[in-house]
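Using this note's numbering, the first residue of the sequence shown is number 1072, and each one after it goes up by one.
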Amino acid sequence: MSGLRAVLFDMDGTLVDTEAAWVEVVEQVAARHGYVLAGAGRRAVYGRSVEDTAAMLSEPLNERRAVLAAELGEGFEARLAGGAEPRPGAVRLLSVLREHRVPTALVSASPRAVVDKVAASLAGHRFDAVYGAEDTVRTKPAPDPYLAAAAALGAEPSRCVAVEDTVTGVTSAEAAGCAVLAVPSMEPIAPAAGRTVLASLEEADLALLRSLIRTG
């Protein structure tokens, strides 16, 4: 079947304004262990899961992954205890998709406890599938989360548009075979084959999403 079957949304930095908060939490944890997170090391945590970030920091911080993962997870969950501010255009776009009965999924590298809490910030939008970091064997940048979400919605990945804000997330979605709409938050993302880049979700509508799916 041709045409758009589903839209798969990243959460942090895409639908809600939390990517900067995540980086700050990582910086704070690193500082407590006497390490300054900067430059390429800082950029490397964009869009990454708690577990992956803990693994990356374990050697330079000389600390066990499990200890760092606990600190990062607890810090991020506490930071978002009151929810998060939706990104411009996010709630409107979700409403349009629900009005037109286009299935949606939330596909995040954040812990499921954070995902469930933050999802409540999106004006009560009900996603047809929700995936956090623990819900697949591998998380972003591996394709597993997007493959799982597409399968849960009964859609071929090639008939899904993934909406992302980081290179990590774009890598995951493209590896799964999804068309990608990138709306960068913390780092630039270049246009490429199968990838469209916008400055804001305010520029996105159903017609645009449908146009991203190759037909025929």
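Backbone N, C-alpha and C define an ideal beta-carbon position, used for all residues, glycine too.
Simplified DSSP state of residue i, which is helix, strand or coil
i: Thr-1239; result: helix
i: Tyr-1117; result: coil
i: Pro-1157; result: strand
i: Asp-1081; result: coil
i: Met-1072; result: Unreliable placement is indicated for Met-1072, whose pLDDT of 42 sits below 50; the coordinate value is still reported in the next sentence. Here Met-1072 sits in coil by DSSP.
i: Pro-1089; result: Per the sequence presented here, residue 1089 reads as Thr, with Pro not at that position. Residue state, collapsed to three classes: coil.
i: Val-1254; result: coil
i: Ala-1302; result: Because the chain is modelled from 1072 through 1287, residue 1302 falls outside the range shown and cannot be assessed.
i: Arg-1281; result: helix
i: Tyr-1106; result: coil
i: Thr-1267; result: strand
i: Ala-1125; result: helix
i: Val-1232; result: strand
i: Leu-1164; result: helix
Check whether residue i and residue j have beta carbons under 9 Å apart
i: Val-1162; j: Leu-1079; result: no
i: Ala-1180; j: Asp-1083; result: yes
i: Ala-1249; j: Pro-1262; result: For the sequence presented, residue 1249 should be read as Cys rather than Ala. No; because the gap between Cβ atoms is not below 9 Å, this pair is not in contact.
i: Val-1201; j: Ala-1190; result: yes
i: Leu-1252; j: Ala-1222; result: no
i: Thr-1237; j: Ala-1077; result: no
i: Gly-1240; j: Gly-1118; result: yes
i: Val-1230; j: Gly-1074; result: Note that residue 1230 is Arg in the sequence shown here, rather than Val. Closer than 9 Å, so yes.
Integer Cβ distance of residue i from residue j, believed to fall under 8 Å
i: Gly-1146; j: Val-1100; result: 6 Å
i: Ser-1271; j: Pro-1159; result: 5 Å
i: Val-1254; j: Pro-1157; result: Not quite, the Cβ-Cβ distance comes to about 13 Å (not below 8 Å), so this is no contact.
i: Glu-1235; j: Asp-1123; result: Not quite, the Cβ-Cβ distance comes to about 16 Å (not below 8 Å), so this is no contact.
i: Leu-1277; j: Thr-1267; result: Contact flag wrong, Cβ pair sits at about 14 Å.
Burial state of residue i (16 or more Cβ within 10 Å)
i: Met-1072; result: Legend: pLDDT at Met-1072 = 42, less than 50; position of this residue unreliable, no value from coordinates given.
i: His-1171; result: exposed
i: Asp-1288; result: The question about residue 1288 has no answer here: the residues shown for the chain are numbered 1072 through 1287.
i: Leu-1107; result: A small fix is needed here, since residue 1107 is Val in this sequence, not Leu. Val-1107 is exposed by the Cβ-count criterion.
When the Cβ atoms of the segment 1214–1224 are set against those of the segment 1096–1115, are three or more pairs found closer than 8 Å? Contact between the segment 1214–1224 and the segment 1096–1115 is not established, with fewer than three Cβ pairs separated by less than 8 Å.
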